[in-house]
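Participant: Those letters in the sequence shown? Residues -8 to 93, per my numbering, in order.
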Amino acid sequence: MKKMEHQYFGQLNLATTDDVEVIWEKEIQGIDTWLWLGKNVEPSTGILDLYAQFLENIDDKIKEARKALITYLKDDSYYIDFHIEECGLEDLPSDITEFVSK
């Protein structure tokens, strides 16, 4: 069985039996997070390091994503407004910043 050790992910089993397999998983900030590996693919330490760095800074990434979403929805909230109305979700906040923060 082929394995690889990584500082962030620990020991990873690289022997896949399907076309794609989850080789690592963890809940981070309430988000189920996975590392997938394709058959006959060996991830480089560099790629794993980049993903680890992203996950270690996930709080900043979430803030960036929320900021971008707020900017986008302030410019054009039609999509969200439409679906809130269609799905009967009027109890959701109408303030965009509050909505995105939920």
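Every residue, glycine too, gets a C-beta built ideally from N, C-alpha and C.
Closest by CA to Thr7, which one among Ile87, Lys(-6), Glu76, Lys52?
Facilitator: Taking only the C-alpha atoms, the option nearest Thr7 is Lys(-6).
Participant: Distance check for Asp9 and Asp23, CA to CA, integer angstroms please.
Facilitator: The straight-line gap from Cα to Cα measures roughly 21 angstroms.
Participant: So is the beta-carbon of Phe73 under 6 angstroms away from any non-hydrogen atom of the ligand ATP?
Facilitator: Because no ligand of any kind appears in the structure shown, any question about the ligand ATP cannot be addressed here.
Participant: Between which residues of its own chain and Lys17 is the CB-CB distance below 6 angstroms, once the five residues before and five after are set aside?
Facilitator: Cβ within range, chain order: Thr24.
Participant: CA-CA distance, Ala43 and Tyr(-1)?
Facilitator: Their backbone Cα atoms lie some 6 angstroms apart in a straight line.
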